[in-house]
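Below: the structure, in structure tokens.
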Amino acid sequence: MPLHPNQHAYQAGKSVETSLHQLMVRDEKALDQQEIALGDFLDIEGAFNYTSYDSTCAALAGHGVDYTIILWTATLGGFSRSVAMSRGCPRGGVLSPLLWFLVVYELLARLSDGGFLFKRLCG
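So my numbering is basically just the index in the sequence shown, starting at one, shifted up by 5.
Shown next, in the form of structure tokens:
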């Protein structure tokens, strides 16, 4: 399963609303039990623009994507052409948010394994 259970984008039945609801339920439970609830929200500037090509390829390979899909070559009339980006995900690309998420998947997994509730609200 390539997407982490705390990922709320790109999964059927999950959305920003389900993520916020789950977060509020945990916060209310902590407050009812007189525990401390702390939230931190991040907006990583340039996340799509500065994601390296190598890290994107490594993330795709690490999630079991076939290597021929990661590094595909177009052939027409006997001519072949391969194109590789140096960095970044295409602005406005349908796959760009998912590609970036796969790059940071390990961070999400480590935070979750450490007991942190990490929610990715949107693409």
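Glycine included, each C-beta is placed from N, C-alpha and C at the ideal position.
Query: What is the DSSP secondary structure of Leu107, counted as helix, strand or coil?; Result: helix
Query: Per DSSP, what kind of secondary structure is Gln16 in: helix, strand or coil?; Result: coil
Query: On the criterion of 16 or more Cβ atoms from any shown chain inside 10 Å, does Gly83 qualify as buried, or is it exposed?; Result: exposed
Query: Who are Leu81's beta bridge partners in DSSP?; Result: Phe84
Query: One question on the structure: do Leu25 and Tyr15 come within less than 8 Å of each other, judged by their Cβ atoms?; Result: no
Query: Rounded to whole angstroms, what is the Cα-Cα separation between Cys94 and Trp105?; Result: 7 Å
Query: Please identify the residue among Phe121, Leu113, Gly120 whose C-alpha is closest to the C-alpha of Gln12.; Result: Leu113
Query: With 8 Å as the threshold, decide whether the Cβ of Gly120 is near any Cβ in chain C.; Result: Absent from the structure is chain C; it holds one protein chain and no more.
Query: Taking the alpha-carbon of Ser85 as reference, which of Trp77, Tyr110, Gln39 has the nearest alpha-carbon?; Result: Trp77
Query: Out of curiosity, what's the CA-to-CA distance linking Ser87 and Val30?; Result: 49 Å
Query: Please state whether the Cβ-Cβ distance between Val108 and Ala64 is less than 8 Å.; Result: yes
Query: Within the continuous alpha helix (DSSP H) that includes Arg96, where are the two ends?; Result: Per DSSP, Arg96 belongs to no alpha helix (DSSP H) and is neither H nor E.
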